[in-house]
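Chemist: Below is one structure. I have some questions about it.
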Amino acid sequence: MKLFLDIIISGLIQGAIYGLIAVGLNLQYGVARVLNVAHGEFVMVGAFATYIMYTVFGINPLLSVAFFSPVSLIAGFLIYKNLFQFIRTSSETAEMFEGNSMLASFGLLYVIQNLALIWWGTSTKAYSYLSFSVGFLGVAFEANRVAALFVGVAVMISFYLFLRYSILGKAIRAAAESPVSAQLSGIDVHRVLGICFGLGVMLACVAGGLVSMMKEITANMGFPYLVTALIVLVLGGLGNIVGSFLGGLIIGLVTAAVMYWQPELSLVASYLIFTIVLLIRPQGIFVRQTNGR
Amino acid sequence: MEGKHSPVNKLFFICFAWLVAATLPFYSPAYVLLSITSILMYVTLTVSWTIFCGPTGYISLATATFFGIGIYCAALLGSSLPAPAVVLCGGLAGLAFGVLVGLICLRLSGFYFAVFTFGLSELVRHSVLWWEHNVSGTVGRWVTGTSITQAFYSLLVIASLSILAAYLIRRSIYGMALKAIGESEEAAEHAGINVVVYRIAFFAISSFFMGMAGAAMAAKFTYIDPNSAFNPLISFTPVLMSLFGGIERDYGPILGAFILTFISEVLLSRFPYFYTLIYGIIFVVVILFMPRGLAGLLGSGHQHKFMDH
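Heads up: the protein sequence lines correspond to chains A and B, in order.
According to the numbering used here, the first sequence is numbered sequentially starting from 404.
According to the numbering used here, the second sequence is numbered sequentially starting from 73.
Take a look at the structure:
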């Protein structure tokens with residue numbers, strides 16, 4: 404029972420992080436059609452920014468996550484406006500845009516990773532914040548992990564409400580459904596897609612900040628997060644925001660469970676699930692009916 | 073185009089390039105030979121990737137799997153068989169696994185095909201890692217070393233064969249069929265093309281060359297482990313190189329592989345700390361100003377564009 408609870412809670416903590424990152428990637432690929440390979444690098448940047456704020460200036464990590472959110476949103480928006488929108492207008496077909504924007508994001512990945520290696524080197528870094536333990540039904544957890552779980556879920560819920568009820572959220576959903584009809588209804592599609600890309604970067608940075616509270620961080624920590632986010636994206640279905648978050652929780656739980664049994668097989672397990680899901684339900688497990696896309 | 077580059081001129085150029093390459097080991101220093109060998113390896117991978125993925129437009133990210141299988145073939149058989157037989161075995165193993173993968177992912181296309189092939193290659197990498205650790209009880213393996221000259225010659229032969237195969241397939245009725253499948257599988261099926269057979273066969277043919285390249289390259293690595301043999305970067309590089317070179321022309325992928333490998337070798341030796349930074353900037357600039365790749369910039373006039381609908 405104790406072991407079971409331990410697996411469930413640590414799975415949920417890990418899963419919430421995966422969910423945030425995957426929702427970000429879903430906004431970028433599911434809506435803006437940019438398969439952003441550099442997505443994991445923004446997780447790394449968020450982690451390092453939070454680390455530096457804490458160790459150099461002594462600023463509370465949760466506070467700096469809140470501060471970096473708008474900054475990263477604007478940064479992502481500017482990246483889209485200056486790079487991907489240019490590619491979008493110069494590409495003749497949707498396929499050409501997807502191929503070229505993926506290549507450009509590869510360039511971005513190389514640039515960000517190299518800058519990070521120059522600034523921070525290859526060593527692993529960590530700090531301790533809220534590292535006392537909290538008891539829950541007889542199982543002890545470090546407070547920072549519990550805080551990360553709560554913040555992750557809170558960000559997700561507010562994000563869901565934003566998409567569902569705000570005007571901008573409705574515009575984003577319209578652009579995801581059909582960019583052409585959205586434009587005909589008077590939505591500035593390029594602006595909306597830019598905001599989607601920015602929101603994706605923001606979620607990655609938030610996730611990175613949360614990761615830095617509980618794990619060691621390195622300059623090349625980003626790529627594995629991208630790979631997991633891709634798995635989760637397929638699991639939850641393209642364009643399905645709630646599906647991505649639930650998919651993240653599932654992968655987190657599975658990884659945590661296999662971790663106890665055979666640590667080296669935890670990645671194999673998530674790839675296996677991914678393979679089976681793709682073969683049986685390529686549209687994702689949370690999609691009710693196919694809508695032709 | 074035809075006036076400037078007549079078939080005779082082209083043939084002459086190809087023969088000349090081949091002659092220069094074939095006599096290279098006699099007069100060039102060892103490090104040049106090593107660089108040329110890795111250029112040839114990337115040429116093989118990129119050209120064989122384009123055999124299937126060029127006309128269909130499906131992005132396969134499983135190159136590392138077939139390459140790694142070839143390497144492991146060489147590690148297991150290297151001491152008991154002569155070198156050409158090892159290379160052939162690597163190719164056949166790649167072919168067999170290519171048939172299997174082609175069969176599994178028959179229903180997938182577009183984005184799902186890309187992530188599936190990528191997930192599959194990661195699955196293979198982690199499975200081999202687990203197997204070596206828990207069943208074989210090793211971390212890596214030694215490959216019976218052959219000389220660099222031998223690795224160079226086998227890669228020269230494999231690269232030439234893959235270029236020839238890509239050239240012939242592209243101009244044959246099979247190339248047309250693959251293009252039709254890329255446009256619309258359903259329409260191709262109605263036109264009487266056996267989509268299942270074509271998809272599996274040509275995916276397997278490109279895997280065959282990748283497996284051979286892995287087996288030939290193993291000799292250069294001497295020590296291998298699953299992480300280096302199934303390195304995911306090997307899956308992405310051919311995509312980047314062929315798009316960089318321009319996928320619409322025969323010489324595009326060759327040019328892309330040649331130039332990008334050359335640039336990365338130079339950058340790696342001159343600016344080891346800023347290597348990926350410069351590489352990344354080159355990438356972004358190329359995408360922004362040459363969206364059709366180098367071949368799109370060089371070739372003028374109207375060309376058939378495979379991505380057009």
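Even glycine gets a Cβ: it sits at the ideal position worked out from N, Cα and C.
Just so it is clear, the structure is predicted and the values come from calculations on it, not from any experiment.
1. Report yes or no: do three or more beta-carbon pairs, one from the segment 409–416 of chain A and one from the segment 580–600 of chain A, lie closer than 8 Å?
2. To which residues does DSSP link Trp214/B through a beta bridge?
3. Decide if the segment 256–266 of chain B is in contact with the segment 114–122 of chain B; the criterion is three or more beta carbon pairs, one per stretch, under 8 Å apart.
4. Would you call the segment 588–607 of chain A and the segment 149–160 of chain B in contact, with 3 or more CB pairs under 8 Å?
5. Roughly how far, in whole angstroms, is the beta-carbon of Gly283/B from the beta-carbon of Gly163/B, given that I think they are within contact range, below 8 Å?
6. Looking at the structure shown, is Val537/A part of a helix, part of a strand, or coil, going by DSSP?
7. Quick one: what does DSSP say Ala543/A is sitting in, helix, strand or coil?
8. Whole angstroms is fine: what's the gap from Ile420/A's alpha carbon to Leu465/A's?
9. Closer than 7 Å by C-beta to Tyr239/B: which residues in its own chain qualify, once you throw out the five before and the five after it? Chain order, please.
10. When the cut-off is 9 Å and only beta carbons count, does Pro325/B lie next to chain A?
11. Using a Cβ-Cβ cut-off of 6 Å (strictly less than) and excluding sequence neighbours within five positions of Tyr246/B, which residues of its own chain qualify?
12. Along chain A, which residues have their Cβ under 9 Å away from the Cβ of Gly278/B?
13. Please name the residue or residues paired with Lys528/A in a DSSP beta bridge.
14. Enumerated in chain order, which unbroken segments of the alpha helix (DSSP H) with a length of 4 residues or greater are wholly contained in the segment 427–486 of chain A?
15. Determine the direct distance from the alpha carbon of Gly422/A to that of Phe544/A, and round the result to whole angstroms.
16. Please check if any C-beta of chain B sits within less than 9 Å of the C-beta of Val514/A.
17. Taking the CB atoms as reference points, tell me whether Val630/A and Gly639/A lie closer together than 9 Å.
18. At a CB-CB cut-off below 9 Å, which residues of chain B make contact with Val604/A?
19. In three-state DSSP terms, what is Asp591/A?
20. Given a cut-off of 9 Å, decide if Ser314/B and Pro325/B are closer than it, judged by their beta-carbon atoms.
21. For Tyr345/B, go through chain A and note every residue whose CB falls closer than 9 Å to its CB, in chain order.
22. Report the neighbours of Ser199/B on chain A: residues whose CB is nearer than 7 Å to its CB, in chain order.
23. Quick check: what's the CA-CA separation for Gly368/B versus Asn81/B?
24. List the residues of chain B whose Cβ lies closer than 7 Å to the Cβ of Phe489/A, in chain order.
25. Hey, how far is the Cα of Tyr345/B from the Cα of Leu520/A?
26. For the segment 124–146 of chain B, which residues have a CB atom closer than 7 Å to at least one CB atom of chain A, in sequence order?
27. Quick check: is the beta carbon of Ala507/A nearer than 9 Å to any beta carbon in chain B?
28. Could you say which of Leu349/B, Leu96/B, Pro363/B lies nearest to Tyr225/B if we only look at CA atoms?
29. Decide if Ile570/A is buried, meaning its Cβ has at least 16 other Cβ atoms within 10 Å, or exposed.
30. Is there a Cβ of chain A sitting closer than 9 Å to that of Thr109/B, yes or no?
31. Consider the Cβ of Phe544/A: report whether some Cβ of chain B lies at a distance smaller than 9 Å.
32. Give a yes or no on contact between the segment 499–517 of chain A and the segment 526–538 of chain A, applying the rule of three or more CB pairs nearer than 8 Å.
33. Distance cutoff 9 Å, beta carbons only. Does Glu337/B sit that close to anything in chain A?
34. Of all the residues that make up the segment 626–649 of chain A, which are near chain B by a beta-carbon distance shorter than 9 Å?
Modeler: Put simply:
1. no
2. By one-based count along the second sequence, residue 214/B stands at place 142. The beta-bridge partner set that DSSP reports for Trp214/B consists of Tyr295/B.
3. Of all C-beta pairs linking the segment 256–266 of chain B to the segment 114–122 of chain B, fewer than three are shorter than 8 Å, placing the two stretches out of contact.
4. no
5. Indexing the second sequence from 1 puts residue 283/B at position 211. Indexing the second sequence from 1 puts residue 163/B at position 91. Indeed they touch by this definition, with Cβ atoms about 5 Å apart.
6. In the first sequence, the residue the question calls residue 537/A occupies position 134. Three-state result, Val537/A: strand.
7. Taking the first residue of the first sequence as position 1, residue 543/A is located at position 140. Reduced to three states, the DSSP call for Ala543/A is strand.
8. Locating residue 420/A in the first sequence gives position 17, where the first residue counts as 1. Locating residue 465/A in the first sequence gives position 62, where the first residue counts as 1. When rounded, the distance between both Cα atoms is 15 Å.
9. Walking along the second sequence from the start, residue 239/B turns up at place 167. Counting only Cβ-Cβ distances below 7 Å, and skipping sequence neighbours, we find Asp322.
10. For the purposes of this step, residue 325/B is taken as the residue at position 253 of the second sequence. So no, Pro325/B is outside the interface.
11. Position 174 of the second sequence holds residue 246/B. Once the five neighbours on either side are set aside, Tyr246/B has no close Cβ partner at all.
12. Residue numbering aside, residue 278/B sits at position 206 when the second sequence is read from its first letter. Sequence inspection shows Ser at residue 278/B; the Gly mentioned does not correspond to that position. The premise fails here: Ser278/B is roughly 18 Å from chain A at the closest Cβ pair, so nothing lies under 9 Å.
13. Position 125 of the first sequence, counted from the start, is the residue given in the question as residue 528/A. Lys528/A pairs with Ile620/A.
14. For the segment 427–486 of chain A, whole alpha helix (DSSP H) runs of length 4 or above, ordered along the chain, are 442–460, 464–482.
15. Taking the first residue of the first sequence as position 1, residue 544/A is located at position 141. Taking the first residue of the first sequence as position 1, residue 422/A is located at position 19. About 21 Å.
16. Residue numbering aside, residue 514/A sits at position 111 when the first sequence is read from its first letter. Judged by the 9 Å Cβ criterion, Val514/A is in contact with chain B.
17. Counting from 1 along the first sequence, the entry for residue 630/A is found at position 227. Counting from 1 along the first sequence, the entry for residue 639/A is found at position 236. Against a cut-off of 9 Å, the Cβ pair of Gly639/A and Val630/A comes out as no contact.
18. Counting from one through the first sequence, the residue named residue 604/A turns up at place 201. In chain order: nothing, as chain B lies at least about 17 Å away.
19. By one-based count along the first sequence, residue 591/A stands at place 188. Asp591/A: coil per DSSP, three-state reduction.
20. Walking along the second sequence from the start, residue 325/B turns up at place 253. Walking along the second sequence from the start, residue 314/B turns up at place 242. Yes. Within cutoff.
21. Locating residue 345/B in the second sequence gives position 273, where the first residue counts as 1. Under the 9 Å cutoff, chain A gives Asn517, Leu520, Ile521.
22. Taking the first residue of the second sequence as 1, we reach residue 199/B at position 127. Neighbours of Ser199/B on chain A, chain order: Val671.
23. Taking the first residue of the second sequence as position 1, residue 368/B is located at position 296. Taking the first residue of the second sequence as position 1, residue 81/B is located at position 9. For the pair Gly368/B and Asn81/B, the Cα-to-Cα distance works out to about 21 Å.
24. Along the first sequence, read from residue 1 onward, the residue named residue 489/A stands at position 86. What Phe489/A touches in chain B: Leu360.
25. Residue numbering aside, residue 345/B sits at position 273 when the second sequence is read from its first letter. Residue numbering aside, residue 520/A sits at position 117 when the first sequence is read from its first letter. Rounded to the nearest angstrom, the two C-alpha atoms are 8 Å apart.
26. Gly129
27. Within the first sequence, residue 507/A is the residue found at index 104, counting from 1. For Ala507/A, the answer is yes, since a Cβ of chain B falls inside 9 Å of its Cβ.
28. On the second sequence, position 153 is the one that residue 225/B refers to. Proximity to Tyr225/B across Leu349/B, Leu96/B, Pro363/B peaks at Leu96/B, based on C-alpha coordinates.
29. Translated into the one-based positions of the first sequence, residue 570/A becomes position 167. That one is exposed.
30. Along the second sequence, read from residue 1 onward, the residue named residue 109/B stands at position 37. Cβ-Cβ to chain A under 9 Å: no for Thr109/B.
31. Residue 544/A sits at position 141 when you count from the first residue of the first sequence. Residue-level contact by beta carbon fails for Phe544/A and chain B, as no gap is shorter than 9 Å.
32. no
33. Counting from 1 along the second sequence, the entry for residue 337/B is found at position 265. For Glu337/B, the answer is no, since every Cβ of chain A falls outside 9 Å of its Cβ.
34. Phe626, Val630, Leu633, Ile634, Leu636, Val637, Leu641
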